[in-house]
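Q: Numbering (this note's numbering), first residue to last: 58 to 278. Cβ coordinates follow ideal geometry from the N, Cα and C atoms, glycine included. Sending over a structure as structure tokens; questions will come in a sec.
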Amino acid sequence: MDKLEDFFNENKDQFDYIDASENDWERLNAKLDNKGKAVAKRRSLAPILAVAASVALILSFALYQFRSQPPTAIKSLTGLDLGMQFPEVALQNPDGETVALSELNAHLVLVDFWASYCMVCNEENCYYFKPLYNEFKDKGFEIYAVSADSSAHSWMNAIQRDQLDWVQVSDLKGFESPIFDAFDVNSLPTNYLLDQEGRIIAKNINVDELENTLYGMFAYK
Numbered sequence: 058m059d060k061l062e063d064f065f066n067e068n069k070d071q072f073d074y075i076d077a078s079e080n081d082w083e084r085l086n087a088k089l090d091n092k093g094k095a096v097a098k099r100r101s102l103a104p105i106l107a108v109a110a111s112v113a114l115i116l117s118f119a120l121y122q123f124r125s126q127p128p129t130a131i132k133s134l135t136g137l138d139l140g141m142q143f144p145e146v147a148l149q150n151p152d153g154e155t156v157a158l159s160e161l162n163a164h165l166v167l168v169d170f171w172a173s174y175c176m177v178c179n180e181e182n183c184y185y186f187k188p189l190y191n192e193f194k195d196k197g198f199e200i201y202a203v204s205a206d207s208s209a210h211s212w213m214n215a216i217q218r219d220q221l222d223w224v225q226v227s228d229l230k231g232f233e234s235p236i237f238d239a240f241d242v243n244s245l246p247t248n249y250l251l252d253q254e255g256r257i258i259a260k261n262i263n264v265d266e267l268e269n270t271l272y273g274m275f276a277y278k
């Protein structure tokens, strides 16, 4: 019995008990009262701890999602801003020849991302870009059209049907092509207007703005 009592005395902090041999009822009631307050305090903190745990879980999930994004997706979030140098691109035209953007000798270049199945793109090509291109192509204006088509037949048929005379290129991988992530293209049509040095001076420029820019630059040439 002495050994058992010694064991409990040495390890009493590990046990939740009240010494029954204690006859001081005021001290006993105080212990019970303090224990009740401690339980109440823990209960009052429970909602706060639950909210904190939820926030930690959400932040952990968000961090995991961010880290799990492929490099191209992270790059596309950055985008291409005005004043930035437009990256080099070199793709094949319908004749199988590789045409690099940097090879174009022009004062203004409209890099246009389109597709044969895009009705808005076709309308822009026929009714807006074609008249402007025919008027200003000999004065230093060029269009570098990158198709999101995956069918060579559909792509070349649209070019011939609408008689699109400017530079036409594609890798025929559709939106699986890495080029659309690299150039921050999330919808069609998307365009970038570049100056002679290849810097971006406008993004998704509308026809009226493009026309005013072209007339302002080439009116007296």
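So, using beta-carbon positions, are L167 and L250 closer together than 7 Å?
A: Yes, the Cβ-Cβ distance between L167 and L250 is below 7 Å.
Q: Whole angstroms are fine: how far does the CA of A259 sit from the CA of M213?
A: Answer to the nearest angstrom: the Cα atoms are 28 Å apart.
Q: Start and end of the beta strand (DSSP E) containing F240?
A: Premise fails: F240 is in no beta strand (DSSP E) and is neither H nor E.
Q: Taking 6 Å as the limit between beta carbons, can you name the residues of its chain near V242, skipping five residues before and five after?
A: Counting only Cβ-Cβ distances below 6 Å, and skipping sequence neighbours, we find F170.
Q: For L271, count the other beta carbons within 10 Å of its own beta carbon; 16 or more makes it buried, fewer makes it exposed. Which is it?
A: Its Cβ being crowded by 16 or more others within 10 Å, L271 is buried.
Q: Flag this pair as touching only if the stretch 225 to 234 and the stretch 184 to 197 have three or more C-beta atom pairs under 8 Å; answer yes or no.
A: Segments in contact, no.
Q: Assign E145 to one of three DSSP states: helix, strand, or coil.
A: Note: E145 maps to coil in three-state DSSP.
Q: Where does D265 land, buried or exposed, given buried means 16+ other C-beta within 10 angstroms?
A: Exposed, because fewer than 16 other Cβ atoms sit within 10 Å of the Cβ of D265.
Q: When the Cα of D228 is compared with those of S159, Q217 and A172, which residue comes out closest?
A: Closest by alpha carbon: A172.
Q: Quick one: measure Cβ to Cβ for L137 and I257, integer angstroms, because I've assumed they're closer than 8 Å.
A: So it is a contact: roughly 6 Å between Cβ atoms.
Q: Check the C-beta distance from V226 over to L165 and give it rounded, since I have them as a contact under 8 Å.
A: About 18 Å; that fails the 8 Å criterion.
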